[in-house]
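Numbering (my numbering), first residue to last: 306 to 588.
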């Protein structure tokens, strides 16, 4: 099942499966979200919860008990309930269940709130701890922006001039190896060679937005003021780029396995809630 919201400028469509955004179109019917061709990558914009990235051995512990979670958690593979709908807004909810408690022993509700405003789509994540224990979690976005025509016609530019240090992955875990992303007058031309070692992972950035350019003209902007970390990723020869605001990231080899001790993890007190929002603006 799908839900569509619209305003005078844009239309956005969301699957109830994973509460996953799969389309943003303007009034000229131009599509800005990757179509999800499984020959490259069969997703569009999955939510990453209750972890971001990969756990060492896909395993973690809580109070000495061992659990397993797949890469990026389970929310993206579950059916959400539509709990509110207006012309330009849709709210989806996923609540803990017997199934989730086997993998993640916390009572939670995750809400995804999509709101269209002029030429922007806001995506807000709300996490509620409905249990009695402190709840460790991460949350992240993974929208794939469609890049029609020649991939190398595109470039991206960070909001601020800064040293763009990113971490390299080894066996899906974050290594201690880093590189500096070189810019030309603050602009990074896109090419597949950038992603030969998987995603570019920035643990911290001063920039809170990134603009994709097409032939030097602004195309799409992603703003992520509530997210300290960022991933940028594509597959070889795929006509999309993922701009991924994160609160958390993959384990390192040094991780203890205790989820409360995981680098980048958030902790939510009992009966409290958390919210973070980012936006995609069509330029």
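All C-beta atoms, glycine included, are put in the ideal place defined by N, C-alpha and C.
- With a minimum length of 3 residues, the unbroken runs of beta strand (DSSP E) contained wholly in the region 502-580 fall at 505-507, 514-519, 522-528, 534-538, 545-552, 571-573.
- Residue 522 has its alpha-carbon roughly 18 Å from the corresponding atom of residue 544.
- Per DSSP, residue 407 is one residue of the alpha helix (DSSP H) stretching across 403-408.
- If you draw a straight line from the Cα of residue 389 to the Cα of residue 426, it comes to about 17 Å.
- For residue 391, no beta strand (DSSP E) run applies, since DSSP gives it neither H nor E.
- Between the C-alpha atoms of residue 332 and residue 320 there is a straight-line separation of about 21 Å.
- In this structure the region 404-422 lies against the region 432-451, because at least three pairs of beta carbons, one per stretch, are closer than 8 Å.
- One thing to note: residue 494 has its Cβ no nearer than 7 Å to the Cβ of residue 527.
- Looking at the backbone, the Cα of residue 556 and that of residue 313 are separated by about 43 Å.
- Between residue 450 and residue 546, the CB-CB gap stays under 7 Å.
- When C-beta atoms of the region 376-383 are compared with those of the region 345-359, three or more pairs fall below 8 Å, so the two segments count as touching.
- When DSSP reads this structure, residue 368 sits in no beta bridge, so it has no partner.
- Inter-residue distance for residue 387 and residue 487 is about 43 Å (C-alpha atoms, whole angstroms).
- Counting along the chain, the unbroken beta strand (DSSP E) around residue 330 starts and ends at 325-331.
- The secondary-structure analysis by DSSP pairs residue 354 across a beta bridge with 378.
- Sequence-distant partners of residue 492 (beyond 5 residues in either direction) whose C-beta falls short of 6 Å from its own C-beta, in its chain, are 460, 462.
- As a beta-bridge residue in DSSP terms, residue 307 pairs with 320.
- In this model, residue 322 and residue 349 are separated by some 12 Å (Cα to Cα).
- In the DSSP assignment, residue 441 forms a beta bridge with 572.
- Distances from the alpha-carbon of residue 368 to those of 581, 563, 571 put 563 closest.
- For residue 357 and residue 552, the gap between their C-alpha atoms comes out near 8 Å.
- The beta-carbon distance between residue 529 and residue 583, rounded to whole angstroms, is 4 Å. This is short enough to meet the 8 Å contact definition.
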